[in-house]
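Residue numbers (the numbering used here), protein chains in the order written: chain F, 15 to 416; chain D, 337 to 701; chain G, 85 to 605.
In this text, a Cβ means the ideal position worked out from N, Cα and C, and glycines have one as well.
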Amino acid sequence: MRVKWILRSVIYFVMLSLLTSCWNSRELGELGIVSGFGIDKGPNKDEYRVTFQVVNPSATATSTGASKNHPPVTIYSSTDTTVFGALRKTSKKAARQLFFAHTQLVVIGESLARSGINDIFDVFERSHELRLNSLVLVSRDADAASILKVILPIESLPAMGIVKKNKNTAGVWGENRDVNIFELINGITGESDFVISGVRINGDEQEGMKLSNLDQTEVKALVVMSGLGVFKDGKLVDWMDGPKARGTVWVQDKIKETSINIDYKNKKKSVSVDINLSKTKVKVKIREGIPVFDIHIKEKGIVNETKSFVDLSKGDEILKLEVSLAEQTKKEVTQAVETAQRMQTDIFNFANELKRTNPKAWKSVEKDWPALFAKGKLNVHIDAYIRSTGMRLKPYLKENSK
Amino acid sequence: MRKEVISSYQLFAMIVLFEFGTALVVPIGLESGHAVWVSILMALPGGIILYLIYNYLYLEFPTMNISGYTQKILGKYIGWTLSLLYIPVLLFNGSRNLREAGDLLIAASYDQTPVFIINSMMVIAVMYTLYKGIEVFARSAEIYFFVIILMGLICNFVVIAAGLVDLKNLFPLHSKDWKDALASAYPNILIFPFGELVCFTTIFPHFNKSHKARRAGVMAIVLSGLLLCFTHAIEIAVLGENIYSRSTFPIFTTITLVNLANFIQRLDALVILALVVGVFFKMSIYCYAVMSVTADLFKVREIRNLTLPVGIVVLFSSIVSAESYPVHMDEGKVFLKYILPILCAVIPLLLVIVHYIRKKFGLYR
Amino acid sequence: MMPKNKESGNTKETQSPEKQILISTNLAENLKEISNQFGNSTDIVIRKFTIICTRVQVAAVYIDGLVDKIKVDDFVSHAMSFNTHTEGQQEVTSGKDAFEYIKEKALSIGEETMIKDWKELCGGLLSGQTLILIEGLGEAISGSTSGGEVRTVSEATTQVSIRGSKESFTESIDTNISLIRRRIKSPNLWVETMKIGVVTQTNVSIMYINGIASEKALQKLKTQLKEIHVDAILESGYIEQLIEENKFSPFPTVFNTERPDSVAANLLEGRIAIIVDGTPFVLIAPATFIMFFQAVEDYYQRFDISSLIRLLRFLCLVISLFGPAIFISALNFHQEMIPTPLLINLASQREGVPFPAFVEAIIMEVTFEIIREAGIRLPSQIGQTVSIIGGLVLGQAAVQAGIVSPAMVIVVSITGISSFATPAFNMALSIRYLRFAIVFIAAFMGLYGISIVAFILIAHMCSLRSLGVPYMSPLGPFIPDSQKDAVYRSPLQSMRTRPRLVSQKNNVRMDSDEGKRGDKQ
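Here's what the structure looks like:
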């Protein structure tokens, strides 16, 4: 009986002590929800300028009585030698404690990217609040802060809008990659190099910051996705655009869906094929001291448009298109690999693949991999299939019409 | 007081929850790199053999716990002293579990809450349950068995559905990996989590159908071994060897990566719950083992009266045992290497041998 | 024999029930004593008359309102009927002879008994019997004339079902027993009646099927009932509270129902029914936690539908127990769990709400409880008004005034509605009040606090027993056979066994070989 009594009193004591404070309890009203942040090079050496895009809840489109007179986000920035230091320093400027668990986007300024980004991601891994699956972009011809400042049409939260934009284009066009912090860290720790999608501002940056930017059908400033930034040893070395960028994504096996214009007979790029299934397999071997990259791509597509007469009801014609498609793909892939070889940056995970499958061979080439990579031989094999021609077989165009 | 009985289902549920305890959450067998899942499978037969040893001793002495038959087999004085060893070791191991739970909670969510409060709440729940008796504890284990299986299914489903699993991280296995896997399986994974089943020697005497203990236990060990293997394989497949080996709680990082349809994301809470459930049961069993051995050695008639002292000792030693998590991990390595194997494997094996010899030559009076 | 201690005779109750006080032979004295005992209560009716041929003084005594007037007239005239028809045959002069004759005559009809004991006489009067006292005799004839105003069997009001019997119990114990007997036509359905309550002398019957109900539970219940020493049993709730093993548990361990079909089903599962006179609520023990989430209708609908509905009820249990607590802990501790658009939405709703989320939740929950409680006590017409004022005006106005956020109103109302999805009202109440404790802990420790409370709660529930049966069975202890009718309900054909632990013997419901119904059906 006495034990019970003591047990009870201990429980009551702890319950009482519970009441004394709320420790981790934070009201929503005390939090400034950070939707995205940008990291630029600071004015001094080894300093970062960190810019935060903080959501203004009462002005977002989701709230019932949203006041349209305020911008949906506010920008703060601070400078410090560590990222976390800058986060906390911002408390001087912000009325609410910044809350990072919902950060969707991290933009890295181009100048910072050129001087190296390997050392800035530790805080993302270590903190429980920052999420590892936020998207990473590199600003192009602008600093990260100005990207975050632009207000976007349709999407009420600019950061979210940029994330969706990137996802959208990576999903259906394939020149950009959906690289998150987690993948980036794996890239940094791995043996290969990596790429990050670029983002730029089209138009007047100063106009883009104003709410009045949204008062017109064609906005004066728009954030657009632009190419892939190629990183070597954590430093941005160059940009890849257009077919080269898509070729890179293709080798990395990250194409979800893309549209490719192929030649038909003598008409250049006259048939549009929508690739909706693509699978890339890469094998890396060392033959006589030189790496050989076997790339095997299997793609399936639908003919979506023809500008000239193609008798798609005939199997032969489809076969011709398939050959043309394979050629076109091969061209893009080869172009991408050759460009990377010229820069001596292995952005296709070839090194990791070699290390995984053949650790002994990797040991022998580890030291001068970049040079060996540049010398490496490329074997591309494409299996292209056209599965469907849409709602019509023959086009309405006459065969001999010009 | 009537004798408290537990059924084979309850034994099964308790063993599974005990195995899951912390092993689900903390990285185990780090030496083996990405082949850790293989080493879990390798340690499984060893775990079953250890269990069979405990079970053999139980069948020979169905009414006694480990300290009881140690005294019987090795004689009063040696046996008593040797059994005394179990009390501090089990207490310390129990407190280590508590510490791990507290540290994950603090790292994951409760960074401003004093560790004392977090740990003491857990200890209160443990004390309450143990005060109600081992039977009540066994029943709640059955209920939580379903809860944890459900949570495991949800977690695995979302991780797989989110397309995070990359089997490339698991294969291929080179000969060096096999060697590493074997090295970390014996003795590390054998002892943690399988060898820790030595606690169940104190629970066996409550078992009602002694012949069923072997089947239920082996099935539970196999099931928990396979599930542990699966979970750790998924963790490595998602995170890759590098991040897996660097993270304090890999399963937590795995879950944070989930983003299904932009709506199901950050299921951290599920992992924390799984850990809290696992630690709750593991710690309770440790505490019960301590209580049982203490009651046996010091002739305490009412075992429930020991709930409070044991709970408080565990609470405080969980806080003072290490000043930081890295120190805690280092201590754990030493503990795992030198102390636990003696209690989990060496002494029981010794008991079996001595008992066998004494029985064979009729040396029992 | 006259009672020697007249003074003490008209106190409430004599202290020594063993001592018999016999009825006097003097009629006038007897009548005076009756008046005294009942304190000259005006509803005691004494009709004196004389049997003409014998000049014997006779009196009929009964309590107005407890008797059926027609039955009284029948009884009296029947008992006296020799007066007219058999006059010539026998010369009856003394009271003794008259008595013998009346006895012979009256007892042939049944329901009439002889009373010698004074205490028995009072008891008989109070239970609606009519007594005939004859001058010069120390005995009284009692006729069962009980009747008077009782409610007829009507539709169940608290446990409504779409499908199934519309009958419900009434306040009369005899009617209630007959309602059950009509459903189980078996001689093995045994009833034992006892009087509990020192003053109220309430009839309490326990009913069980011999051969199915567990002897141990029965024995335990009987001893528990015998140990009850209170002055009044006015409702079965008194018995419920007095036989519960763990008085401080928030969970009810005795089930109650007003549906005869529910009682019949539970009797067939080996449970014991406790029927208390004066209340339509029949107690059933041993009760398990799962029972409170099962409705009789589950067995009348197809198994797949009712399984899904059961799952829905368990979901409702979780929502009503943890709903607001999880919401608060997500809002205050685990904001990362909430999807970003939703979080921003919630944040914009909470802009301008002056209270912390916890206070807001408590305000809304308490308001809800007030509206609920007020709604119960009011007549149904006004009850609607209250719910309109409460629901529409308060809810809407509070949101517009910016005192609470719309999301909180949604959470509180879904929890409220969920708690009503529990078929058993007493369980729903317990859960509703436990919810406050959980909200409280959630506001301080978030999900971790909730999970700690859940450990303690489940350990507590596992430690409960109802008449020796573990409360959480068949989940903990896990009984595979009984899973067929626990969380889900399997088809009737496969439910061959009764729940184990509740009924240890005669476990088979159906003959598995031929699929025909067993003898208990």
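Per-residue contacts from residue i into chain F (C-beta, under 9 Å)
| i | result |
| --- | --- |
| G:E329 | Simply none; closest approach about 16 Å. |
| D:R475 | Chain F residues near D:R475: none, gap ~20 Å exceeds 9 Å. |
Near the ligand NAP: residue i beta-carbon under 7 Å from a heavy atom
| i | result |
| --- | --- |
| D:F348 | Ligands in the displayed structure: none, and consequently the ligand NAP is not present. |
Partners in chain F for residue i, counting only beta-carbon separations shorter than 8 Å
| i | result |
| --- | --- |
| D:H510 | P373 |
| D:K504 | R370 |
| G:E435 | G43, P71, S72 and S77 |
Extent of the continuous beta strand (DSSP E) to which residue i belongs
| i | result |
| --- | --- |
| F:G52 | L45 to K55 |
| G:H152 | Before going on, a small fix: residue 152 of chain G reads as Asp here, not His. Note, G:D152: premise wrong, no beta strand (DSSP E); not H, not E. |
| F:S292 | K281 to R301 |
| F:H310 | I304 to T320 |
| G:A357 | I356 to V360 |
| F:A239 | It is worth fixing the name first, because residue 239 of chain F is Met in this sequence and not Ala. A235 to K246 is the extent of the beta strand (DSSP E) around F:M239. |
| F:K249 | K249 to M254 |
Residue i - DSSP class collapsed to helix/strand/coil
| i | result |
| --- | --- |
| F:L149 | strand |
| D:I364 | coil |
| D:T630 | helix |
| F:H395 | strand |
| G:T277 | strand |
| F:Y62 | strand |
| G:G552 | coil |
| D:R637 | coil |
| G:Q173 | Legend: pLDDT at G:Q173 = 48, less than 50; position of this residue unreliable, no value from coordinates given. |
| G:Q213 | strand |
| G:V140 | strand |
| D:S403 | helix |
| F:E417 | The structure shown does not extend to residue 417 of chain F, since chain F is modelled only from 15 through 416, so no value can be given for it. |
| F:Y90 | strand |
| G:A481 | helix |
| F:L171 | coil |
| F:V401 | For the record, residue 401 of chain F in the displayed sequence is Arg; it is not Val. Here F:R401 sits in strand by DSSP. |
| G:S596 | Unreliable placement is indicated for G:S596, whose pLDDT of 46 sits below 50; no coordinate value is reported for it. |
| D:R550 | helix |
Whether residue i touches residue j by CB criterion (8 Å)
| i | j | result |
| --- | --- | --- |
| F:E313 | F:A184 | no |
| D:L563 | D:M487 | no |
| F:I289 | F:I309 | no |
| D:L353 | D:F617 | yes |
| F:G43 | G:E435 | yes |
Where residue i meets chain G, residues with beta-carbon distance less than 7 Å
| i | result |
| --- | --- |
| D:A605 | H418, M421 and L531 |
| D:Q284 | The structure shown does not extend to residue 284 of chain D, since chain D spans only 337 to 701, so no value can be given for it. |
| F:L115 | Strictly speaking, residue 115 of chain F in this sequence is Ala, with Leu absent from that position. Ordered by position in chain G, the residues that pass the 7 Å Cβ test against F:A115 are Q419 and E420. |
N-terminal and C-terminal residue of the alpha helix (DSSP H) that residue i is part of
| i | result |
| --- | --- |
| D:F493 | I470 to A497 |
| G:I542 | F509 to S547 |
Residue i: contacting residues in chain D (beta-carbon distance under 8 Å)
| i | result |
| --- | --- |
| G:A543 | A461, Y464, T465, K468, V472, F473 and S476 |
| F:N38 | S445, Y446, D447, Q448 and T449 |
Contacts that residue i makes with chain D (C-beta to C-beta distance below 7 Å)
| i | result |
| --- | --- |
| G:C546 | V472, R475 and S476 |
Within chain G, partners of residue i - CB distance below 9 Å
| i | result |
| --- | --- |
| D:N598 | P423, T424 and P425 |
- Item | Interfacial residues, the stretch 512 to 537 of chain G to chain D, with Cβ spacing under 8 Å | M529, G530, L531, Y532, G533, S535 and I536
- Item | Residues of the stretch 132 to 157 of chain F with Cβ closer than 7 Å to any Cβ of chain D, in chain order | H142, R145, L146 and N147
- Query: Listed from N- to C-terminal order along the chain, which residues in the stretch 183 to 196 of chain F have their beta-carbon within a distance smaller than 9 Å of any beta-carbon of chain D?
  - Reply: N194 and F196
- Task: With 9 Å as the C-beta to C-beta threshold (strictly closer), list the residues of the stretch 424 to 446 of chain D near chain G in chain order.
- Result: L441, S445 and Y446
- Query: For the stretch 557 to 584 of chain G, which residues have a beta carbon sitting closer than 7 Å to at least one beta carbon of chain D?
  - Reply: L559, G560, P561 and F562
- Got a sec: which bits of the stretch 369 to 394 of chain G sit with their beta carbon under 9 Å from any beta carbon on chain F, in order along the chain? none
- Members of the stretch 482 to 509 of chain G near chain F, C-beta cut-off 7 Å: none
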